[in-house]
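J.:
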Amino acid sequence: MNDKRFIEEIFPVKEVSVISAKEKNIRHGHISTLHIWWARRPLASSRATNYAALIPAPKNPKEAEEKKKFIIEFSKWENSLNKDFIERARKEILEANGGVPPKVLDPFGGGGSIPLEALRLGCETYSNDYNPVAVLIQKCTLEYPQKYGNADASKLRGKFNPQKDKDVTLSLDLNEDNKKDKNPLLTDVKYWGNWVLQEAKKEIGKFYPAEKDGSIPVGFIWARTINCQNPACGAEIPLMRQFWLAKKNNKKVSLFPYVKNKKVEFGIVGDGYKPMPGDFDPEDGTIARANAKCLVCGAVVDDKTTRKLFQQGKSGQRMIAVVLHKAGTSGKTYRIATEDDIKIFEEAEKYLDTKRKKLMDEWGIDPVPDENLPGKGTLGISPYFTFPNTWGDLFNSRQKLALIIFTEKVRLAYEKMIEIGYDFNYAKSVITYFTFVIDRLADYNSKLCVWHNSKELIAHTFGRQAIAMVWDFIEVNPFSNSSGNWGESFEYLLRIIENSLKFSGNDLQVNIDYEKVYILQESATNLSYSDNYFDAVFTDPPYYDNVPYSYLSDFFYVWLKRSVGHLYPDLFSTPLTPKTQEIVAYSHGEGGFEAGKKFFEDNLKKSFKEIHRVLKPNGISVIVYAHKSTSGWETLINSLLDSGLVVTAAWPINTEMESRLRAKESAALASSIYLVTRKIEREQTAFYNNVKEEIKNYLITRLDRLWDEGISGADFFISAIGSAIEVFGKYEKVMDYEGNIIRADKLLEDVRIIVTDYAVKKILHNGFATRISDLTRFYVLCRWEFKTAKIPFDEANKLARSCHLELADFFTKKTFIKKEKELINILGPQDREIEDLENSNELIDILHYAVKLWEKGKRKEMQKLLKDTGFAKNDSFYRVAQAIAETLPDTKEKRLLEGFLNLRDKIIEGSFDDQKNLFE
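1 is the number of the first residue of the sequence shown in UniProt numbering; add one for each residue after it.
1. By Cβ distance below 8 angstroms, which residues in the same chain neighbour F793 in space, the five residues on each side in sequence not counted?
2. Would you kindly work out how many angstroms separate the C-alpha atoms of A466 and V100, rounded to a whole number?
3. By the three-class DSSP mapping on this structure, what secondary structure does A686 have?
4. How would you write the range of the alpha helix (DSSP H) that A200 sits in, first residue to last?
5. DSSP three-state label for N697, please.
6. Going by DSSP, which residues form a beta bridge with D303?
7. With a floor of 4 residues, list each alpha helix (DSSP H) that falls wholly inside the stretch 250–311, ordered by position along the chain.
8. Could you compute how far the alpha carbon of I72 sits from the alpha carbon of L54?
9. Please specify which runs of the alpha helix (DSSP H), each continuous and at least 4 residues long, are wholly inside the stretch 782–823, giving them in chain order.
10. Using the three-state DSSP reduction, which class does S719 fall into: helix, strand or coil?
11. Short check: CB of E223 to CB of W451, under 8 angstroms?
12. What is the DSSP secondary structure of I620, reduced to helix, strand or coil?
13. What's the gap between the Cα of Y849 and the Cα of R895?
14. Going by DSSP, name the residue or residues bridged to K248.
15. Over what stretch of residues does the alpha helix (DSSP H) that includes D106 continue unbroken?
16. Based on Cα-Cα distance, which residue from N690, I711, I623 and V691 lies nearest to R678?
17. Give the secondary structure of R41 by DSSP, where H, G and I count as helix, E and B as strand, and everything else as coil.
18. Are there 16 or more other CB atoms within 10 angstroms of the CB of E211, so buried, or fewer, so exposed?
19. With the cut-off set at 8 angstroms, would you say C228 and A299 are in Cβ contact?
20. Where does L324 fall in DSSP's three states?
21. Which complete beta strand (DSSP E) runs does the stretch 212–249 hold, if anything under 3 residues is left out?
22. Are at least three pairs of beta-carbons, each pair with one atom in the stretch 555–572 and one in the stretch 112–129, less than 8 angstroms apart?
23. In the DSSP output, which residue or residues are listed as bridge partners for P12?
24. Could you say which of I772, K251, I365 and V259 lies nearest to K332 if we only look at CA atoms?
25. Would you say L615 and I583 are within 8 angstroms of each other, going by their C-beta atoms?
26. Does the distance between the C-beta of I474 and the nearest non-hydrogen atom of the ligand MG fall short of 7 angstroms?
27. Looking only at its own chain, which residues have a Cβ that is under 6 angstroms from the Cβ of E8, when we skip the five neighbours before and after it?
28. Whole angstroms is fine: what's the gap from K858's alpha carbon to G910's?
29. Could you give the residue range of the beta strand (DSSP E) that holds H452?
30. When the Cα of R464 is compared with those of H30, T891 and A39, which residue comes out closest?
31. V517 and residue 932 - do their beta-carbons sit closer together than 8 angstroms?
32. Can you tell me which of M276, S639, K609 and V296 puts its alpha carbon nearest to the alpha carbon of K263?
33. When the Cα atoms are used, what is the spatial distance from K235 to I226?
34. Do Y148 and Y426 have their beta-carbon atoms positioned less than 8 angstroms apart in this structure?
35. Please report how far the alpha carbon of S454 lies from the alpha carbon of Y334, in whole angstroms.
36. Mapping DSSP to helix, strand and coil, what is G98?
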């Protein structure tokens with residue numbers, strides 16, 4: 001390959017960012033629907049950066065522009081399987097690599113996005129992960145479709161032809177190509193998946209009976225319960241955060257609690273049911289912040305007592321309602337749970353006991369996961385989760401029964417396939433896909449799933465990267481046609497298998513050996529490859545302490561172990577996922593924060609050294625990183641510097657939808673930084689004063705481009721870090737004049753100062769940036785970088801220091817800085833009291849004071865304030881107000897500032913009409 005690559009000189013950041021962020025909305029056929037994996041990179045950015053790193057740098061501006069346009073089009077989802085695009089990309093990569101497919105490694109393969117795109121581009125692809133769940137996901141994404149999708153069916157399953165078998169109903173039609181059995185893997189997954197469904201329904205379908213009118217139960221709404229602690233009462237309290245069943249613009253339906261014979265009963269009110277009582281608010285549930293209200297006597301059980309009752313095992317559960325759907329109709333209907341519903345559930349409980357004992361004898365393991373849950377705080381687990389001790393405790397009896405029955409049928413399907421004459425390895429691959437359907441069923445059918453009343457859908461367990469306590473939950477009918485059932489999950493699976501084959505068909509002119517896909521379970525700190533083996537390494541390492549991968553994946557691991565653990569003994573040899581070598585900052589308990597940080601940094605450094613070792617001398621690596629805290633970046637930079645890898649380019653690519661970030665008022669990053677690194681010789685020792693000046697000059701050029709690309713806020717600063725490392729990392733050692741080695745903490749401190757100076761000038765439109773005080777400067781930057789989100793103390797303090805301030809100096813003063821535990825809340829004018837502003841000469845305080853006076857209609861007082869303080873005709877004052885308004889989303893502060901700014905001319909002229917109301 002040519003020495004310089006396209007990605008080292010140019011990349012269409014803005015366009016690929018837009019496409020990558022939109023990809024979050026794509027469901028059908030996307031690998032994200034095969035199985036949950038956290039922090040998976042978008043396929044668009046993975047495809048674009050892989051390609052740009054494997055082709056040579058452009059020879060001239062015309063070629064650069066033409067290649068940029070191709071990358072933009074190829075990044076789009078609709079072109080990801082386009083034959084012409086794939087053939088062109090593969091051809092260019094082969095030519096650049098001397099006609100040989102480049103060897104590409106991802107040592108942190110995770111959910112498989114990056115290696116999948118390397119495979120799509122025709123590379124000989126290697127992917128590792130320490131986590132066995134991730135390894136299994138990658139086998140089903142990368143290895144099995146390529147290995148078996150175009151294989152000779154007769155060699156895989158002998159004489160058996162599933163298309164002619166009459167024992168199983170194929171509920172989903174095969175497409176025209178597959179009717180000819182062109183894709184035996186798809187045919188077999190479809191056939192045996194339906195076999196599993198039919199066999200499971202034969203055994204436990206009776207526990208989910210249809211209604212007399214043909215309606216099918218979608219799910220059963222339950223409430224956890226405690227008893228009222230009033231000695232004169234003792235009534236059962238159903239713990240429900242609210243009572244809505246349907247809360248749409250055109251449909252309002254609610255549970256209605258009432259007391260009868262000293263017991264809480266329920267009815268259903270709203271559209272299509274009894275009228276909703278005028279004095280009833282469905283939002284007002286029986287529990288808030290763990291304080292429970294007894295509807296019988298009115299007593300309140302405080303949060304400490306509620307916690308104690310749960311910890312002592314003195315909580316219960318009660319079935320409240322049934323959600324129904326009738327084929328041929330739209331929408332859901334509801335009814336209150338009856339004695340028959342409870343009786344059927346109890347029968348399922350009894351059957352679970354019998355079945356559990358039988359399977360335990362057969363399998364030699366409890367079919368219901370009996371492995372212990374992790375300690376408090378690891379997964380965001382609340383103190384209420386002291387009582388559930390095992391992963392199996394997260395499911396009620398009928399949920400457990402459904403999951404172990406489907407698990408049993410999957411195991412039986414494998415045995416049946418072997419009896420018929422299937423190839424052992426092929427049968428294993430087919431069965432593995434069904435285990436992912438079981439995992440999806442577990443995700444949608446635990447006691448942590450709630451009814452999403454605004455959409456009338458079931459919200460799954462992992463709505464976020466934690467396991468959160470819920471008071472009321474919904475139990476799914478796995479044989480229904482609603483979200484979380486076997487059939488829906490199965491359909492997602494078939495689409496993914498079908499899509500996986502489209503880029504490996506024999507009709508492509510540029511083909512590769514698809515058996516050259518290697519998926520290994522091993523630590524990135526000790527790779528089993530020889531020196532100088534890979535042409536490229538593309539990877540997305542863990543982000544400090546962002547995601548507790550191993551603890552989260554244990555939820556699935558315990559079920560996978562029971563369904564296919566016997567077929568993958570190497571992957572499932574441990575009780576839970578291995579953790580001792582997991583490169584994260586949290587899971588190595590003793591020693592606290594500093595020990596976790598050191599473990600992460602040491603092992604990330606080892607993994608980068610391994611990348612350096614296995615990379616060819618002229619090879620290239622692209623490392624993706626996204627962490628909002630500078631602590632995370634310090635560890636990354638130090639690890640990179642110590643590994644020998646040299647950063648040659650850095651590109652910020654937006655991977656999150658803006659609406660999602662705004663909705664959560666999150667200070668999280670939208671961008672991931674793609675760091676391009678090389679295995680090249682470094683320059684000798686340099687003095688930091690010289691390097692800092694070099695960084696400053698280089699950064700100004702890079703920051704101009706980032707600003708023009710629309711990068712802002714926290715993303716802007718993080719993007720600047722990447723550019724600074726390009727300069728800093730060129731040297732073997734950077735020292736000050738006293739001989740001290742300069743590390744990442746000092747680099748980041750100075751980069752932030754450079755960036756904040758630049759940003760303030762830009763935010764104020766190049767006006768009077770040096771004339772505003774440090775405190776006002778800090779306020780402007782907080783609003784620009786974090787909007788209205790609360791800021792982690794460490795981040796806020798580092799930003800303050802870049803403005804020559806110490807946050808602690810303001811905690812006892814009446815300023816806009818308010819400390820709330822480990823967070824800093826930046827108060828807007830609407831949050832402050834006028835008396836706290838009266839004696840201040842600080843620009844930001846005067847602005848807040850003036851806005852509050854304007855809001856109250858006190859225009860004369862406002863005019864006098866601005867005149868007396870000298871701000872009435874001060875251009876800096878109005879530029880600050882304008883800058884803050886421009887950075888904010890649609891909030892009260894923004895509206896107040898915009899209204900105030902409309903009066904600028906009148907304030908300057910002092911020409912208010914005393915008779916006119918300012919709000920008219």
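C-beta atoms are modelled at their ideal positions from N, C-alpha and C, and glycine is treated no differently.
T.: According to the data block:
1. L807, K819, E822, L823 and I824
2. 44 angstroms
3. strand
4. P184 to I204
5. helix
6. Its beta-bridge partners do not exist; DSSP assigns none.
7. 303–311
8. 16 angstroms
9. 793–802
10. helix
11. Inspection of the sequence shows that residue 223 is occupied by Ala rather than by Glu. Not closer than 8 angstroms, so no.
12. strand
13. 15 angstroms
14. K251
15. Segment K103 to D106 is the beta strand (DSSP E) holding D106; no alpha helix (DSSP H) there.
16. I623
17. coil
18. exposed
19. yes
20. strand
21. 216–227, 236–239 and 244–248
22. no
23. Paired residues: none, contrary to the question.
24. K251
25. no
26. The ligand MG is not among the ligands present in this structure, which contains no ligands whatsoever.
27. T648, A649 and V676
28. 14 angstroms
29. V450 to H452
30. A39
31. The chain is shown only over 1 to 920; residue 932 falls outside these bounds and no answer can be derived.
32. V296
33. In the sequence as displayed, the identity of residue 235 is Ala instead of Lys. About 9 angstroms.
34. yes
35. 15 angstroms
36. coil
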